[in-house]
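In our numbering, the protein residues as written are 36 to 365.
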């Protein structure tokens, strides 16, 4: 059975360059690009107006932004092409983000920082580096509390291209240029699983909301699903008889039933994970889609007439941000 999603709004040319990252909160969507500014759009208004501009957030542009899945939406983290990480916070009672603190490139010890993820309670940050390390930071204490190594004793690891923290705080997952996917147990501070199945660069990893599954995808063009109880490969999500494109972004919906993917061929797909089938495809652009995100339903306060069904956003090389809603949502 297919699902229907309709384009509800498009912010044309939201950024002057490719939009590389999207990060939702209960009431807004943060977007970042190769330009120096980060934008915040309101998602509780059908016109999705620009709510805030973080001017000159990253001088050389920004390639990753993260918010906490299931969080209050009061903290965000961004990574610039200069290697700096900036932590943004909304002061109590304020709708706007302010710079909380910054991690300079020299503070990460080793390779350049690439991907970032925030814990559900907005207290911890995980970041990856070009030499295969994953650092975990205590945001309130402003200190590094763990470093996970993926390389050998004789050299650094493969470029860590993606990272995620499980909602229960138990696991950190990373995806690497050599196709490796690693899952670390945060309580024990050690490697839990080294997952096989993808032999090409892994550009996205994402834990399901219930933390029972991990999805991983990248240049292989398939989405591998792993069980987190035993670290076993469960299934692959792929469309038969279609040449797969590189997958750049993944995101689970609130219930964990559906997985959203964006790819280099401009397609956005919705997957029914239990049945391992694609139930919706959108291809309004032939340009690369760099980021896809569901808009959280929990805590969303919407005006009369605005869809209360599931919604998601997609952005990329078109420089625009498109918002979609479930056709049956009321």
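Virtual Cβ for every residue (Gly too), placed ideally from N, Cα, C.
The structure presented is a predicted model; accordingly, all values stated were derived computationally and were not measured.
Excluding sequence positions up to five away, which residues of its chain have a Cβ less than 6 angstroms from the Cβ of residue i?
i	result
residue 199	152, 208, 240, 241, 242
residue 300	280
residue 172	160, 179
residue 291	243, 244, 245
residue 362	39, 41
residue 304	296, 313, 316
According to the neighbour-count rule (16 or more other Cβ atoms, all chains shown, within 10 Å of its Cβ), is residue i buried or exposed?
i	result
residue 253	buried
residue 131	exposed
residue 91	exposed
residue 63	buried
residue 224	exposed
residue 284	buried
residue 98	buried
residue 365	Because the pLDDT at residue 365 is just 44, under 50, the model does not fix this residue reliably, and the value given afterwards should be weighed accordingly. By the neighbour-count rule (16 or more Cβ atoms within 10 Å), residue 365 is not buried but exposed.
residue 381	Summary: the structure shown does not reach residue 381, with the chain confined to residues 36 through 365, and so no result is reported for it.
residue 321	exposed
residue 278	exposed
residue 128	exposed
residue 197	buried
residue 112	buried
residue 344	exposed
residue 186	exposed
residue 298	buried
Suppose the cutoff is 8 angstroms on Cβ atoms and the five residues either side in sequence are ignored; what does the same chain contact list for residue i look like?
i	result
residue 95	71, 115, 116, 117
residue 48	354, 355
residue 133	123, 124, 125, 126
residue 269	248, 260, 261, 262
residue 140	117, 118, 119, 147, 148
residue 45	355, 356, 357, 358
residue 137	119, 120, 121, 122
residue 74	49, 50, 65, 66, 67, 85, 87, 88, 89
residue 227	206, 218, 219, 220, 266
residue 271	232, 257, 258, 259, 260, 311
Consider the Cβ of residue i: report whether some Cβ of chain C lies at a distance smaller than 8 angstroms.
i	result
residue 114	Given the protein chain composition of this structure (a single chain), no chain C is represented.
Short of 7 angstroms in beta carbon distance, which residues of its chain neighbour residue i, apart from the five on each side in sequence? Order them along the chain.
i	result
residue 53	68, 69, 325, 351, 352, 354
residue 331	59, 61, 289
residue 274	313
residue 175	158
residue 83	44, 46, 76, 77, 358
residue 202	104, 105, 155, 242, 244, 246
residue 165	146, 147, 149, 194
residue 135	122, 123, 124
I believe residue i touches residue j by the beta-carbon criterion, under 8 angstroms. Please report the beta-carbon distance rounded to the nearest angstrom.
i	j	result
residue 170	residue 193	The pair is not a contact, with the Cβ atoms about 16 angstroms apart (cut-off 8 angstroms).
residue 56	residue 100	4 angstroms
residue 155	residue 103	5 angstroms
residue 238	residue 286	Incorrect: roughly 13 angstroms between the Cβ atoms, too far for contact.
Give the DSSP bridge partners of residue i, in chain order.
i	result
residue 225	220
residue 263	Note: residue 263 sits in no beta bridge, so no partner.
residue 361	40
residue 346	330, 360
residue 287	294
residue 45	357
residue 152	161
residue 207	200, 219
residue 242	249
Review point. Which runs of the beta strand (DSSP E), 3 residues or longer, sit entirely within the stretch 57-141?
Key: 63-68, 73-77, 85-89, 97-101, 110-115, 120-124, 133-138
Exercise for review: List in chain order: all unbroken alpha helix (DSSP H) runs of 4+ residues lying wholly within the stretch 305-333.
Suggested key: none
Practice item. Output the residue ranges of the beta strand (DSSP E) runs that lie fully inside the stretch 160-186 and measure 3 residues or longer, sorted by chain position. Key: 169-173, 178-183
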